[in-house]
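In what follows, a structure is listed as structure tokens, so that the remarks can point back to it.
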Amino acid sequence: MSAAPIDLPRWADTALVPLVSVAAALVVAGLVVLSIGESPLEATTLLLKGSLGSLEGLGFTLYYTTSFIFTGLAVAVAFHAGLFNIGGEGQATIAGIFAALACLWLAPLPGILLVPLAILAAAAGGALWAFIPGYLQATRGSHVVITTIMFNFIAATLIVYLLVEVMGKAGSMQPETPDFPKQAVLTPIHELLGAFGLKLPSTPLNTSFLLALASLVAVWALIYRSRLGYAIRTVGANPRAAAYAGISPARIIMVAMAISGALAGGLAVNEAMGVQHRLVLDFTAGYGFVGIAVALMGRGHPVGVGLAALLFGVLYQGGAELSFDKPTITRDMVVVIGGIVILFAGALDGLFRRLVASVLNLGRGG
Amino acid sequence: MEIVQTFAVILDSTIRLSVPLLCAALAGLWSERSGVVDIGLEGKMLIAAFASAVVAYHSGSAWAGLGAGMLAAIALALVHGFAAITWRGNQIVSGVAINMLAAGLTVILGNAWYGQGGRTPTLEGAARFPELDLPLLETLKGIPVFGPVYDIAISGHAAPVYLAVLALVLTALTLKHTRFGLRLRAVGENPAAVDTAGVSVAGLRYAAVVICGALCGLGGTYLAVSQSAGFLPQMTAGKGFIALAAVIFANWRPWPALFACLLFGLLDAVAIRLQGVVLPGIGQVPVQAIQALPYVMTVVLLAGFIGKATPPKASGLPYVKER
Numbered sequence: 003m004s005a006a007p008i009d010l011p012r013w014a015d016t017a018l019v020p021l022v023s024v025a026a027a028l029v030v031a032g033l034v035v036l037s038i039g040e041s042p043l044e045a046t047t048l049l050l051k052g053s054l055g056s057l058e059g060l061g062f063t064l065y066y067t068t069s070f071i072f073t074g075l076a077v078a079v080a081f082h083a084g085l086f087n088i089g090g091e092g093q094a095t096i097a098g099i100f101a102a103l104a105c106l107w108l109a110p111l112p113g114i115l116l117v118p119l120a121i122l123a124a125a126a127g128g129a130l131w132a133f134i135p136g137y138l139q140a141t142r143g144s145h146v147v148i149t150t151i152m153f154n155f156i157a158a159t160l161i162v163y164l165l166v167e168v169m170g171k172a173g174s175m176q177p178e179t180p181d182f183p184k185q186a187v188l189t190p191i192h193e194l195l196g197a198f199g200l201k202l203p204s205t206p207l208n209t210s211f212l213l214a215l216a217s218l219v220a221v222w223a224l225i226y227r228s229r230l231g232y233a234i235r236t237v238g239a240n241p242r243a244a245a246y247a248g249i250s251p252a253r254i255i256m257v258a259m260a261i262s263g264a265l266a267g268g269l270a271v272n273e274a275m276g277v278q279h280r281l282v283l284d285f286t287a288g289y290g291f292v293g294i295a296v297a298l299m300g301r302g303h304p305v306g307v308g309l310a311a312l313l314f315g316v317l318y319q320g321g322a323e324l325s326f327d328k329p330t331i332t333r334d335m336v337v338v339i340g341g342i343v344i345l346f347a348g349a350l351d352g353l354f355r356r357l358v359a360s361v362l363n364l365g366r367g368g
Numbered sequence: 104m105e106i107v108q109t110f111a112v113i114l115d116s117t118i119r120l121s122v123p124l125l126c127a128a129l130a131g132l133w134s135e136r137s138g139v140v141d142i143g144l145e146g147k148m149l150i151a152a153f154a155s156a157v158v159a160y161h162s163g164s165a166w167a168g169l170g171a172g173m174l175a176a177i178a179l180a181l182v183h184g185f186a187a188i189t190w191r192g193n194q195i196v197s198g199v200a201i202n203m204l205a206a207g208l209t210v211i212l213g214n215a216w217y218g219q220g221g222r223t224p225t226l227e228g229a230a231r232f233p234e235l236d237l238p239l240l241e242t243l244k245g246i247p248v249f250g251p252v253y254d255i256a257i258s259g260h261a262a263p264v265y266l267a268v269l270a271l272v273l274t275a276l277t278l279k280h281t282r283f284g285l286r287l288r289a290v291g292e293n294p295a296a297v298d299t300a301g302v303s304v305a306g307l308r309y310a311a312v313v314i315c316g317a318l319c320g321l322g323g324t325y326l327a328v329s330q331s332a333g334f335l336p337q338m339t340a341g342k343g344f345i346a347l348a349a350v351i352f353a354n355w356r357p358w359p360a361l362f363a364c365l366l367f368g369l370l371d372a373v374a375i376r377l378q379g380v381v382l383p384g385i386g387q388v389p390v391q392a393i394q395a396l397p398y399v400m401t402v403v404l405l406a407g408f409i410g411k412a413t414p415p416k417a418s419g420l421p422y423v424k425e426r
């Protein structure tokens, strides 16, 4: 535990350290499985078979991956600006409300207008719910972490109120909106590819997966290839230097938070418009928090975020299949793994860098 | 007399609902005054609730449950300390990790051991804390106004409630009047000064983090072994975060933290009572609006629109010794 920063080759820093910490997280998860009297090896086999062993499993895996790409990118963009956006859950919730309002109010529109408008509404809702904490941080100095936590809870109570008292389906005891019009529904991938003669099993995977892939590219271009991205990274690295360079940290904080929130809104697009076809309570289901693990593991880079999202997609789908065969290993295992990954790849980063550094040095003979 | 009765009943449920908040708020206060930001109060309370329910069930003793709850929460607190103090990791990230760990682990272990979807078996008899009658209850009962309040609201709570009050008094006294308290506050404001004086920064912060864990343990145990008769998945339901709000509201001071917790507890009690009630002139108040109030108020306060929040200067900053 020296104070000096640990110098590592770039490949080790970007690839090896996250890999080692994730491997360690999986080992700990294996110990948990062992402690409840199951075999980690068998569990892993079942998990991989369930998530990647069939086209159906793969479809589900990519459907979960879609959600994790969105929430992971949301956290990553804020990270680049030096901000910690814990509010993905709340932002996705508000995005869902906005998307539902768009789908229900603009129901007479044809799908070619309605779908983009509803997606924009979702992005706007998420952006708004992240912009306010960003604005308060930039102008009033309230810490974005605390504000986004509070905004998660405010959004959670708001959606209960809206679904129970205002937007709820008449005569339904469930807190949910009426079904969206047919043309507002995102095309499932199996139907899309079915048109080309490919026969795929029916899965919830829908076109928002393509939107997620596009977002990965867009965020990469934004962060590493645009003026705004440069400004965001500069503010993240050193707000004072940014200010001297003529970049307004306050403006960048607000913009970065808004982009982050808009990305979190993609979760609502996938869940509400792609799968449920209506707005239900608790559709965010903790994806927002797993997004933190995804962003940390992916080192904030879109390629890393994509891979980490896929890993969590595998864990989610495989975990669901696993819990059919082994009822004792519920899907909460993924939450545990997410927590350990966040701890290892995020908070204990220094420890793992030190480990990797000493192993590399050993290889070089001291 | 009717009004006094109603007042006493509301005060009673306010106290019951405030106690877990108070424990967690005091826990957060200890940690943050030493410079370690802790958003993992929720997770620590949750794991304590689980551990206490499990041990209370198997041992048949609520006190054993309390011990287990405290130990479990201290274990998680040490994980946080290890990441935040020893490895100077990001304290927010570590807090998030602890919340997720607790949320997942409790359900998995509970489900694997008891197969009830994460719940623990119902606690009965000595496995729960009995309600205690305070001394002189019979004598004081007859006094008008004070008597019923003493009888209904102040007496008749379980031991953790009085322990929480004791913890509050001890926290206030220790922080303000002892050498340890002074040093602990100093380490949250200016760790370099403490280090220069030859006192271990890491030692003080670890001590604060352990106290934080113990207090979360008390709060979580109260939830599972006293308020309820067993553990339910996610039973903390955001209380750790409301406690965080209370700490901010109280400007990181113990006595104001009590009032913030009582206020939030009162809001909760009122929200429960107002469910479906139509108020004259206002109509039906949406319960969700009252539930959201603590969060909204915290945002407004933090933004400096009412009063000013001044956190400890070094909070959230890992201490690096200059060389």
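The listed protein sequences derive, respectively, from chains A and B.
Residue numbers for the first sequence follow my numbering, so the first one is 3 and each next one is one higher.
Residue numbers for the second sequence follow my numbering, so the first one is 104 and each next one is one higher.
A virtual CB, placed ideally from N, CA and C, is assigned to each residue, including glycine.
Predicted, not measured: the structure shown is a model, and the values here were computed from it.
>> Short of 9 Å Cβ to Cβ, which residues in the stretch 191-211 of chain B face chain A?
In response: Of all residues in the stretch 191-211 of chain B, 191, 192, 193, 194, 195, 196, 197, 198, 199, 200, 201, 202, 203, 204, 205, 206, 207, 208, 209, 210 and 211 have a Cβ within less than 9 Å of some Cβ in chain A.
> Along chain B, which residues have their Cβ under 7 Å away from the Cβ of residue 289 (chain A)?
Replying inline: By 1-based counting over the first sequence, the position of residue 289 (chain A) is 287. Chain B residues near residue 289 (chain A): none, gap ~12 Å exceeds 7 Å.
>> Beta-carbon within less than 8 Å of residue 249 (chain B)'s beta-carbon, same chain only, minus the 5 sequence neighbours each way: which residues are those?
In response: By one-based count along the second sequence, residue 249 (chain B) stands at place 146. The beta carbon of residue 249 (chain B) sits closer than 8 Å to the beta carbons of 243 from its chain, once the five residues preceding and following it are set aside; these are given in chain order.
> Relative to the C-alpha of residue 393 (chain B), which residue among B:371, B:404, B:411 and B:386 is closest?
Replying inline: Your numbering for residue 393 (chain B) matches position 290 in the second sequence. Checked all of B:371, B:404, B:411 and B:386; the closest Cα to residue 393 (chain B) is B:371.
>> Which residue marks the beginning of the alpha helix (DSSP H) containing residue 347 (chain B), and which one marks its end?
In response: Counting from 1 along the second sequence, the entry for residue 347 (chain B) is found at position 244. Boundaries of the alpha helix (DSSP H) around residue 347 (chain B): 342-352.
>> Short of 6 Å in beta carbon distance, which residues of its chain neighbour residue 408 (chain B), apart from the five on each side in sequence? Order them along the chain.
In response: In the second sequence, counting from the first residue as 1, residue 408 (chain B) sits at position 305. Answer for residue 408 (chain B): no residue qualifies.
> Helix, strand or coil: which one does DSSP assign to residue 154 (chain A)?
Replying inline: As a working note, residue 154 (chain A) is residue 152 in the first sequence. In the structure shown, the three-state DSSP call for residue 154 (chain A) is helix.
>> For the stretch 372-389 of chain B, list every residue whose C-beta sits within 8 Å of some C-beta in chain A, in sequence order.
In response: So the close ones are 389.
> Going by the beta-carbon positions, is the gap between residue 263 (chain B) and residue 324 (chain B) smaller than 8 Å?
Replying inline: The residue given as residue 263 (chain B) occupies position 160 in the second sequence. The residue given as residue 324 (chain B) occupies position 221 in the second sequence. In this structure, residue 324 (chain B) lies closer than 8 Å to residue 263 (chain B) by Cβ.
> According to a CB-to-CB cut-off of less than 9 Å, which residues of the stretch 171-188 of chain B neighbour chain A?
Replying inline: Cβ contacts with chain A come from 182, 183, 185, 186 and 187.
> Is the stretch 335-343 of chain A touching the stretch 191-203 of chain B in the sense that three or more CB pairs, one from each, lie closer than 8 Å?
Replying inline: With contact defined as three or more Cβ pairs closer than 8 Å, the stretch 191-203 of chain B and the stretch 335-343 of chain A are in contact.
> Contact check, residue 312 (chain A) vs residue 46 (chain A) under 8 Å by CB: the rounded distance?
Replying inline: Here residue 312 (chain A) corresponds to residue number 310 of the first sequence, with the count starting at 1. Here residue 46 (chain A) corresponds to residue number 44 of the first sequence, with the count starting at 1. In fact, because the Cβ distance is near 16 Å, the residues do not count as touching under 8 Å.
>> Which residues in chain C have a C-beta closer than 8 Å to the C-beta of residue 401 (chain B)? List them in chain order.
In response: Among the protein chains in the structure shown, which are A and B, there is no chain C.
>> Rounded to the nearest angstrom, what separates residue 294 (chain A) and residue 284 (chain B) at their Cα positions?
In response: Walking along the first sequence from the start, residue 294 (chain A) turns up at place 292. Walking along the second sequence from the start, residue 284 (chain B) turns up at place 181. Taking the straight line joining both Cα atoms gives about 35 Å.
> Got a sec: which bits of the stretch 86-110 of chain A sit with their beta carbon under 7 Å from any beta carbon on chain B, in order along the chain?
Replying inline: So the list reads 86 and 88, given in the order they occur along the chain.
> So is residue 335 (chain A) in contact with chain B if we call contact Cβ pairs under 8 Å?
Replying inline: Your numbering for residue 335 (chain A) matches position 333 in the first sequence. At least one CB atom of chain B sits nearer than 8 Å to the CB of residue 335 (chain A).
> Mapping DSSP to helix, strand and coil, what is residue 394 (chain B)?
Replying inline: Looking up residue 394 (chain B) in the second sequence gives position 291. The three-state reading of DSSP puts residue 394 (chain B) in helix, counting H, G and I together.
> By Cβ distance below 7 Å, which residues in the same chain neighbour residue 185 (chain A) in space, the five residues on each side in sequence not counted?
Replying inline: Counting from 1 along the first sequence, the entry for residue 185 (chain A) is found at position 183. Cβ neighbours of residue 185 (chain A) within its own chain (closer than 7 Å, five residues either side excluded): 112, 113 and 116.
> Once you ignore the five residues that flank residue 247 (chain A) on each side, which residues in its own chain have a CB closer than 8 Å to its CB?
Replying inline: As a first step, residue 247 (chain A) is located in the first sequence; it is residue number 245 there, counting from the start. Non-local C-beta neighbours of residue 247 (chain A) in its own chain, meaning closer than 8 Å and more than five positions away in sequence, comprise 236, ordered along the chain.
> Given that residue 116 (chain A) touches chain B, what residues does it touch there, using C-beta distances under 8 Å?
Replying inline: The sequence position of residue 116 (chain A) within the first sequence is 114, counting from 1. Contacts between residue 116 (chain A) and chain B, judged by CB atoms closer than 8 Å, are missing: the closest CB pair is about 29 Å apart.
>> What does the alpha-carbon distance come out to for the pair residue 271 (chain A) and residue 251 (chain B)?
In response: If you number the first sequence from 1, residue 271 (chain A) lands on position 269. If you number the second sequence from 1, residue 251 (chain B) lands on position 148. Approximately 56 Å between the Cα atoms of the pair.
>> Taking the alpha helix (DSSP H) that residue 251 (chain A) belongs to, which residues open and close that run?
In response: To locate residue 251 (chain A), count along the first sequence from 1; it is residue 249. It spans 251-270 - the alpha helix (DSSP H) in which residue 251 (chain A) sits, taken as one unbroken run.
>> Short of 6 Å in beta carbon distance, which residues of its chain neighbour residue 276 (chain A), apart from the five on each side in sequence? Order them along the chain.
In response: One-based indexing of the first sequence puts residue 276 (chain A) at position 274. If we look at residue 276 (chain A) and ignore the five residues flanking it on each side, its Cβ neighbours are 188, 208 and 210.
> In the DSSP assignment, what are the bridge partners of residue 261 (chain B)?
Replying inline: What you label residue 261 (chain B) is simply residue 158 of the second sequence in a count that begins at 1. For residue 261 (chain B), which the question treats as bridged, DSSP gives the partners B:234.
> Would you say residue 41 (chain A) reaches chain B, if we count a Cβ-Cβ gap shorter than 8 Å as a contact?
Replying inline: Working through the first sequence from its first residue, we reach residue 41 (chain A) at position 39. By this cut-off, residue 41 (chain A) is not an interface position.
> What residues from the stretch 295-315 of chain A come within 9 Å of chain B, judged by C-beta to C-beta, listed N to C?
Replying inline: Across the stretch 295-315 of chain A, CB contacts with chain B closer than 9 Å involve 295 and 298, in sequence order along the chain.
>> Applying the 10 Å Cβ sphere with the 16-neighbour rule, what's the burial state of residue 411 (chain B)?
In response: Sequence index remark: in the second sequence, residue 411 (chain B) carries index 308 (1-based). With fewer than 16 Cβ atoms within 10 Å of its Cβ, residue 411 (chain B) is classed as exposed.
> CA-CA distance, residue 420 (chain B) and residue 51 (chain A)?
Replying inline: Position 317 of the second sequence holds residue 420 (chain B). Position 49 of the first sequence holds residue 51 (chain A). If you take the alpha carbons of residue 420 (chain B) and residue 51 (chain A), they lie about 44 Å apart.
> From residue 18 (chain A) to residue 358 (chain A), what distance separates their C-alpha atoms?
Replying inline: The residue you call residue 18 (chain A) lines up with position 16 of the first sequence. The residue you call residue 358 (chain A) lines up with position 356 of the first sequence. Rounded to the nearest whole angstrom, the C-alpha separation of residue 18 (chain A) and residue 358 (chain A) is 8 Å.
>> Taking the alpha-carbon of residue 219 (chain B) as reference, which of A:341, A:348, A:342 and A:330 has the nearest alpha-carbon?
In response: Numbered from 1 along the second sequence, position 116 holds the residue referred to as residue 219 (chain B). Comparing Cα positions, the closest option is A:330.
> Under three-state DSSP, which class holds residue 378 (chain B)?
Replying inline: Here the question's residue 378 (chain B) lines up with position 275 in the second sequence. Assignment of residue 378 (chain B) by DSSP, reduced to helix, strand and coil, places it in the coil class.
> residue 246 (chain B) to residue 237 (chain B), Cα distance in whole Å?
Replying inline: To locate residue 246 (chain B), count along the second sequence from 1; it is residue 143. To locate residue 237 (chain B), count along the second sequence from 1; it is residue 134. Distance between the alpha carbons of residue 246 (chain B) and residue 237 (chain B) is about 15 Å.
> Got a sec: which bits of the stretch 338-355 of chain B sit with their beta carbon under 9 Å from any beta carbon on chain A, in order along the chain?
Replying inline: Cβ contacts with chain A: 341, 344, 345, 347, 348 and 351.
>> Under 9 Å, CB to CB, which of the residues in the stretch 181-194 of chain A have a partner in chain B?
In response: Here the close residues number zero.
> Does any residue of chain A bring its CB to less than 8 Å from the CB of residue 409 (chain B)?
Replying inline: Position 306 of the second sequence holds residue 409 (chain B). Not closer than 8 Å to any Cβ of chain A, the Cβ of residue 409 (chain B) fails to qualify, so no.
>> Among the candidates A:194, A:87 and A:94, whose CA atom is the shortest distance from the CA of residue 148 (chain A)?
In response: Here residue 148 (chain A) is taken as the residue at index 146 of the first sequence, counted from 1. Ranking the options by Cα distance to residue 148 (chain A), first place goes to A:87.
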